[in-house]
Amino acid sequence: MRTSTGPAARQAAYEKIRDLVLTDPAVQGTFLTEANLVDVIGLSRTPIREALIMLDAEGFVELIAHRGAYVPPSSGREIRDTLEVRQLIEIEAARKILSNGEVPVEEMRRLLHEQDALTVSEDNIPEFIAIDQMFHAAMVAAARNSVMTDIYMRLRVKHVRFGISATWTSTSRPDEVLVEHARILDALEARSIEDAIAAISAHIANTQALLLRGVDD
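This is the structure:
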């Protein structure tokens, strides 16, 4: 297995290392080495090296000679800027779907039930956050603005990373998220833009507060 090379092996290495960077907050601020990754993901050095070059180009890691791939922690500025854009998009999406009558209540309710059905542990936090992202993305997609949806989805990697970090930070966060999601959905179902804005803003503010604990600008 460790002798595998070629495009398929490179893609497999890319996906495994990317998932490691996204789903394990413990690797932030540390170096990943080729030798260590060979043992962790079970592929040879060549596809791992090629995958790290791809991840460096996309900003997931920073390659530093003779040291390895550094996984940079998120700065306070990055967190605030990203969540500000997310809030702007989600609030505008809520305005649009409440004005054109296309509230995806059934889809969002189904996703909320899927989240609620999970017994969240360290092993399935990524699954919880994946459903979380689908919940929010359903609202944005329903606004039927392809440019807005494209911008939102390009931020998905950061949303996932932030969501996992916030959930790791506070064991009570999953239950809080369920309550906050229910408030967003209830506001949309009641067609109250004021309540929807308040619910979206509070949800994002709570996530931001957790993420900024002990983070430098």
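Those letters in the sequence shown? Residues 558 to 774, by the numbering used here.
All C-beta atoms in this analysis are idealised placements derived from N, C-alpha and C, irrespective of residue type, glycine included.
Could you give the first and the last residue of the continuous alpha helix (DSSP H) run that contains E555? It is not possible to answer for residue 555, since the shown part of the chain is limited to 558 through 774.
With DSSP as the reference, please indicate the residues paired to L589 in a beta bridge. A626
Span separating the alpha-carbon of S632 from that of R643: 17 Å
Which first and last residues belong to the beta strand (DSSP E) in which E619 is found? 619-621
Tell me which residue opens and which closes the alpha helix (DSSP H) that E635 is part of. 633-657
Are the CB atoms of A695 and A650 nearer to each other than 7 Å? no
At 4 residues or longer, what runs of the alpha helix (DSSP H) sit wholly inside the region 723-752? 730-746
For S703, report the span of its alpha helix (DSSP H) as first-last. 703-711
Three CB pairs or more closer than 8 Å across the region 611-622 and the region 571-585: yes
What is the DSSP secondary structure of E615, reduced to helix, strand or coil? coil
With DSSP collapsed to three states, give me the class of V662. helix
Who are the near neighbours of A744 in its chain, counting only those whose CB is closer than 7 Å to its CB and skipping five residues on each side? D752, A753, A756
Look at the Cβ atom of I750, then the Cβ atom of L655, and state whether they are nearer than 7 Å. yes
Do the CB positions of A626 and P604 come within less than 7 Å of each other? no
At least three beta-carbon pairs within less than 8 Å, the region 671-678 to the region 700-713: no
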